[in-house]
Amino acid sequence: MLIFLISKQIKLVGYDIIIYMKNLKKIKTLTSKIEAEIAKGFLQSNGIDSFIFADDAGDMYPAQDLVYGVSLMVNKCDFRKAKELLDALEFETEDG
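Here's what the structure looks like:
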């Protein structure tokens, strides 16, 4: 699983994670982690790894998700396929 690899890289070489983060692209901004988890699960069931980023102080302030949103990120090489899948699903966000 890719998340395990990221945490392993952080422990070994912090620079590797910075390079890896540059290979990610935001595909959606959602209003809750629940929406993001649904989209992530859908992408994962279609063979695409995705990552959720939220500025909610480690779930201590979940209301901040409403203000700042929750970002769903995918690898740049998977972006086009992931966008087609989410568009076909007609996954609604506050942006429409």
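Numbering (the numbering used here), first residue to last: 36 to 131. Note that beta-carbon positions come from the ideal geometry of N, C-alpha and C, so glycine has one too.
Is it buried or exposed, Ile-83, if we count other Cβ atoms within 10 angstroms and call 16 or more buried?
Looking at its Cβ environment, which holds 16 or more other Cβ atoms inside 10 Å, Ile-83 is buried.
Give the straight-line distance between the Cα atoms of Phe-114 and Asp-122, rounded to the nearest whole angstrom.
Answer to the nearest angstrom: the Cα atoms are 12 Å apart.
To the nearest angstrom, how far is the alpha carbon of Asn-58 from that of Val-109?
Going by the C-alpha atoms only, they are around 8 Å apart.
When DSSP builds the beta bridges, which residues end up paired with Lys-63?
BP columns for Lys-63 point to Leu-107.
Anyone know if the C-beta pair for Ala-74 and Lys-60 falls short of 8 Å?
Not closer than 8 Å, so no.
Can you round the beta-carbon distance between Leu-120 and Phe-88 to whole angstroms, since I take them to be within the 8 Å contact cut?
At roughly 20 Å, the Cβ-Cβ gap does not stay under 8 Å, so Leu-120 and Phe-88 are not in contact.
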